[in-house]
Each structure stands twice: as C-alpha cells, then as structure tokens.
Amino acid sequence: MAPFYAALVVFFALWTIQVALKKLFNISLNTLAFALLAGAVSFIAFSFV
Numbered sequence: 538m539a540p541f542y543a544a545l546v547v548f549f550a551l552w553t554i555q556v557a558l559k560k561l562f563n564i565s566l567n568t569l570a571f572a573l574l575a576g577a578v579s580f581i582a583f584s585f586v
C-alpha cells in the first residue's frame, strides 16, 4: 500500500506545482508534469519490488 500513497503524494505535489505555475506565469505543464509523474510512479513501484 505504501507505493500507492507515495504515488498519490507525488501526483498532488506535481499537480499543485502545475496549478501554481499556471496561476502565476500562465504556463501549462500538464504534459511535463504527467511525464514526471509516470516516471516517479515507475521508480517508486520498482523500488518497492
């Protein structure tokens, strides 16, 4: 269950950063954020295997 919660935390952190950047600088990082998220989830999943 730990990898799931870690992935959730990473997701919300990236989402928050993306929303903040969008509000402050009008920049959308959806693609970059989700690419990073996918990499982070993969890394977390493999580190727990």
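Residue numbers (my numbering): 538 to 586. From the three backbone atoms N, C-alpha and C, an ideal C-beta is built for every residue, glycine too. Since we're looking at a predicted model, the values are computed, not measured.
Quiz prompt | Spatial distance of Trp552 from Ala544 (CA atoms) | solution = The straight-line gap from Cα to Cα measures roughly 12 angstroms.
Self-check item: Close-in-space but distant-in-sequence residues of the same chain around Ala539 (CB under 7 angstroms, 5 per side omitted)
Solution: Phe585
Quiz item: Whose CA, out of Phe583, Ala577 and Ala582, lies closest to the CA of Ala550?
Solution: Ala577
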